[in-house]
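Notes follow once the structure below has been shown.
There are 2 protein chains.
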Amino acid sequence: MDLDIAFKNIARIVQLTENEKEIFKSLAEVITVKRKTHLLREGQICRFEYFILEGCLRSYYTDRSLVEHTTMFAIEGWWTGNLKSFVRNTPSEFNLVAQENSKVLRFTKEKLEKLYAKVPKFERFFRVLLQNRLLATQDRISQHLSFTASQRYLQFISKYPQIEQRVPLKHIASYLGITATYLSRLRRARMNNKFLH
Amino acid sequence: MDLDIAFKNIARIVQLTENEKEIFKSLAEVITVKRKTHLLREGQICRFEYFILEGCLRSYYTDRSLVEHTTMFAIEGWWTGNLKSFVRNTPSEFNLVAQENSKVLRFTKEKLEKLYAKVPKFERFFRVLLQNRLLATQDRISQHLSFTASQRYLQFISKYPQIEQRVPLKHIASYLGITATYLSRLRRARMNNKFLH
């Protein structure tokens, strides 16, 4: 199995020896998931931390009126899952669905603990990863408070240019907290180089 | 200097040898700060990660109308600072002020890196700490979205019973996103065992 994309991701933070890469490989499980398959449903406990080798996953919850609210996209090269449910063993509030045919690598808590014990560098790796996630979460909160919808859209496409081309508009609109109709207006305005506020 | 409270905090996650405690001591700097002293002001870069040995710190920002918004309290036994500014070397959006006469322990980035190099257990310690912070941030977002002011107040006093007695009401009201008048009503309702919704 080819884990090059995972090793490139890890190498941004810590340098692994060949032997350490072998340990990582021996503890990771690779699965393929068909488009629209759920890896996690609301109410289930998230048993895995995922790394996406190929494809795209989407996280969402459903409100009382059965409307879906997208909370996260993740594409190849990203770590994802539901940390809260994974760490605390509590029922997940979110669904995790394959938005495309995907290939993902996954670790149970037990395997992750083995990885830390055998290759302590991964403590550092996940420390930095969590630090980045926390900062991204804080950014998202402050943008939600202080950015207009138009600014949030521009921020989204500059930060995640690949996602806009791969995911239905309705999910992006939901992620940005606006209607699909309004997102279409923002896109047209952008193409005409006019910005709405 | 007595760092017992810090070692108790660390022992919840990793076990240090006497030698490792000595290394921690040699890299930490202990300072005392008088009430109302600022450790960080908006626009400055946060150069330290803090641990509170005694006292209470408060984080806030000032809006265009010069109204203060409290974003965080931290008391003895807590780590605090402004992670975003500290990690990215960017100007802080927040102020950090001593709410009481306080004694804090602080680490620069350089000292923290030395600590990781000499005692790798601290990679694990801060990984778990960041994980808890991220989950607390996610909890705070979802409570802000789904809890009433009254529920947020009850949650706050059950989670942080000491803080309510030590900090002026106006700061707690600001942290909860309500007026001080409304907070007084919630407190009276609670004492009379009536809950507002």
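Those protein sequences? They're chains A and B, same order as listed.
Going by this note's numbering, the letters in the first sequence line up with residues 1 to 197, in that order.
Going by this note's numbering, the letters in the second sequence line up with residues 1001 to 1197, in that order.
Cβ atoms here follow ideal geometry from the backbone N, Cα and C, with glycine treated the same way.
Review point. Should HIS1049 of chain B go down as buried or exposed, given a rule of 16 or more other Cβ atoms within 10 Å for buried?
Key: First, the amino acid is wrong: residue 1049 of chain B is Glu here, not His. Flag for GLU1049 of chain B reads buried.
Review point. Excluding five sequence neighbours on each side, which residues of the same chain lie with their C-beta closer than 8 Å to the C-beta of GLY43 of chain A?
Key: PRO91 and SER92
Check your understanding: Going along the region 1109–1137 of chain B in order, which residues come within less than 8 Å of chain A, judged by CB to CB distance?
Key -> TYR1116, PRO1120, GLU1123, ARG1124, PHE1126, ARG1127, LEU1130, GLN1131, ARG1133, LEU1134, LEU1135 and THR1137
Check your understanding: With distances taken from CA atoms, which of A:ILE52, A:LEU183 and A:CYS46 is nearest PHE86 of chain A?
Key -> A:CYS46
Review point. Can you tell me whether ASN95 of chain A is buried or exposed, with buried defined as 16 or more other CB within 10 angstroms of its CB?
Key: buried
Check your understanding: Within the present structure, is the beta-carbon of ASN89 of chain A separated from the nearest heavy atom of the ligand ZN by less than 8 Å?
Key -> The model on display carries no ligand, and the ligand ZN is accordingly not part of it.
Exercise for review: Within its chain, find whatever has a CB closer than 6 Å to the CB of GLU1020 of chain B; leave out the 5 residues flanking it on each side and keep chain order.
Suggested key: VAL1119
Practice item. Below 8 Å CB to CB, which residues in the same chain sit around LEU135 of chain A once its five sequence neighbours on both sides are set aside? Key: none
**Study point:** When B:VAL1033, B:GLU1022, B:LEU1186 and B:SER1184 are compared against VAL1097 of chain B, the one with the closest alpha-carbon
**Key:** B:VAL1033
**Study point:** Spatial neighbours of LYS1025 of chain B in its chain, beta-carbon cut-off 7 Å, leaving aside the 5 residues before and after
**Key:** LEU1003
Exercise for review: Determine whether the Cβ of LEU83 of chain A lies closer than 9 Å to any Cβ atom of chain B.
Suggested key: yes
**Study point:** CB contact below 9 Å: SER1142 of chain B versus chain A
**Key:** yes
Review point. What three-state label does DSSP hand THR1137 of chain B in the structure shown?
Key: helix
Exercise for review: Pick out whichever of A:TYR153, A:ILE31, A:ARG88 and A:ARG190 has its Cα sitting closest to the Cα of LEU176 of chain A.
Suggested key: A:TYR153
Exercise for review: Could you tell me which chain B residues have their CB closer than 7 Å to the CB of VAL87 of chain A, listed as they occur along the chain?
Suggested key: GLN1131 and LEU1135
Point to revise | Residue of B:ALA1028, B:GLU1054 and B:TYR1060 minimising C-alpha distance to LEU1040 of chain B | key: B:TYR1060
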